[in-house]
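Okay, so here's the structure we're looking at.
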Amino acid sequence: MPVVLQLAYYLPRFLQLFDAQKRHHVIVMTLISARRRRQEKVGDVIDCAVPRCYVDMLLSLGLGDLEMVSLCWEFMNAAAKTTTTALEWIMARLVLHQDTQRKLLDDIATRAGGKNPGTGSERPFVEAVVLEALRLHPPAHYLLAHTTDRDVSLDGYVIPKGSVVNYGVGDIGRDPTLWTEPDVFRPERFLEGGEGFVVRGIGSGGGGGRTLKMMPFGAGRRACPGAAVALKVLQSFVENLVTRFEWKPVGCVGKEVELDMSERPGLVTEMRTPLHARLVVRTKQERN
1 MPVVLQLAYY
11 LPRFLQLFDA
21 QKRHHVIVMT
31 LISARRRRQE
41 KVGDVIDCAV
51 PRCYVDMLLS
61 LGLGDLEMVS
71 LCWEFMNAAA
81 KTTTTALEWI
91 MARLVLHQDT
101 QRKLLDDIAT
111 RAGGKNPGTG
121 SERPFVEAVV
131 LEALRLHPPA
141 HYLLAHTTDR
151 DVSLDGYVIP
161 KGSVVNYGVG
171 DIGRDPTLWT
181 EPDVFRPERF
191 LEGGEGFVVR
201 GIGSGGGGGR
211 TLKMMPFGAG
221 RRACPGAAVA
231 LKVLQSFVEN
241 LVTRFEWKPV
251 GCVGKEVELD
261 MSERPGLVTE
271 MRTPLHARLV
281 VRTKQERN
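Numbering (the UniProt record's numbering), first residue to last: 1 to 288.
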């Protein structure tokens with residue numbers, strides 16, 4: 001009898017999960033069907049064999065509907081969610097550190113040479129700001145598990161071959177044996193000559209040479225395949241947001257509302273309290 005009562009208690013929650021999955025399927029399938037109809041409608045005008053967006057590419061592969069829905073949700077959850085969350089942390093740090101925001105704006109204006117932000121010009125300080133925020137606030141504290149392919153000796157312990165291993169990504173980024181003042185937001189550490197300069201290039205699966213100093217996207221063969229794209233997207237957004245707006249704390253001068261920089265438990269490292277900031281449109285003179 002107790003087992004039956006337990007099932008009766010948990011069954012509605014399981015059904016809620018199935019209902020949510022069904023709604024997700026309907027939403028994504030509606031978008032896929034609309035894209036398919038568009039291809040059929042303009043097929044005589046545009047070569048639909050040339051992918052023009054992610055769904056077009058999936059349709060060109062001839063995948064089944066269920067497989068396309070799964071891939072679309074994986075793309076949105078794994079890429080969009082983590083990237084937008086990382087961007088929120090970056091902008092929160094710039095609200096807290098107005099000096100860094102001013103330095104970033106000056107660096108963008110100096111290197112732009114009259115170009116619009118986000119054109120792909122080399123801007124190391126923008127990358128440094130993004131990397132420092134990722135060091136302190138990685139998209140997830142735990143990544144895909146790894147398996148040891150041989151017995152490994154670590155600090156007096158033997159990890160047998162075939163053991164499942166995971167990493168505390170957030171702890172690596174704040175390790176005091178690897179970083180000076182690890183809890184301090186200091187993007188300059190990622191510039192040439194700084195202790196984090198070796199980490200640049202983590203988008204290609206690296207994490208700091210032989211000494212793994214941070215791994216927000218994983219490392220090695222199982223690193224996130226979209227890491228390089230995510231870094232470029234983050235840098236572009238940060239450039240544009242800082243160039244067009246001044247990011248300030250909410251409230252009057254001297255009575256600013258303090259930002260809550262604590263984390264909300266979950267698979268993705270989100271801010272416990274969503275970012276609230278006061279945006280002031282920059283004048284043309286400020287942007288140049």
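Don't be surprised by glycine CBs; every beta carbon is placed ideally from N, CA and C.
In terms of residues, what are the limits of the beta strand (DSSP E) holding residue i?
i	result
Ala277	277 to 281
Leu154	152 to 154
Val158	157 to 159
Given residue i, which residues of its chain have a CB within under 7 angstroms of its CB, disregarding the five upstream and five downstream residues?
i	result
Arg135	Gly173, Met214
Glu88	Met271, Leu275
Asp175	Pro182
Arg222	Leu144, His146
Phe245	Leu279, Val280, Val281, Arg282
Using a Cβ-Cβ cutoff of less than 8 angstroms, which residues in the same chain neighbour residue i once the five nearest sequence positions on both sides are dropped?
i	result
Arg35	Cys53, Val55, Asp56, Leu59
Thr147	Gly162, Ser163, Val164, Val165
Asp65	Met29, Ile32
Thr100	Arg93, Leu94, Val129, Phe185, Pro187
Arg123	Asp107, Ile108, Arg111, Gln235, Glu239
His97	Phe185
Bridge partners of residue i, per DSSP?
i	result
Thr147	Val164
Phe245	Val281
Tyr142	Per DSSP, none; premise fails for Tyr142.
Val268	Val268 pairs with nothing; no bridge assigned.
Pro216	Gly218
Glu263	Met271
Taking a contact to mean a Cβ-Cβ separation below 8 angstroms, would you say residue i touches residue j in this structure?
i	j	result
Met91	Leu275	yes
Asp151	Pro138	no
Leu267	Thr83	no
Thr243	Arg287	yes
Val280	Lys255	no
Leu144	Gly218	yes
Glu195	Thr180	yes
Between which two residues does the alpha helix (DSSP H) carrying residue i extend?
i	result
Val126	124 to 136
Val55	54 to 60
Tell me which same chain residues have a C-beta within less than 6 angstroms of the C-beta of residue i, skipping the five on either side of it?
i	result
Gly170	Pro138, His141
Could you say if the region 128 to 146 and the region 169 to 188 meet the contact criterion of at least three C-beta pairs nearer than 8 angstroms?
-> The region 128 to 146 vs the region 169 to 188: in contact.
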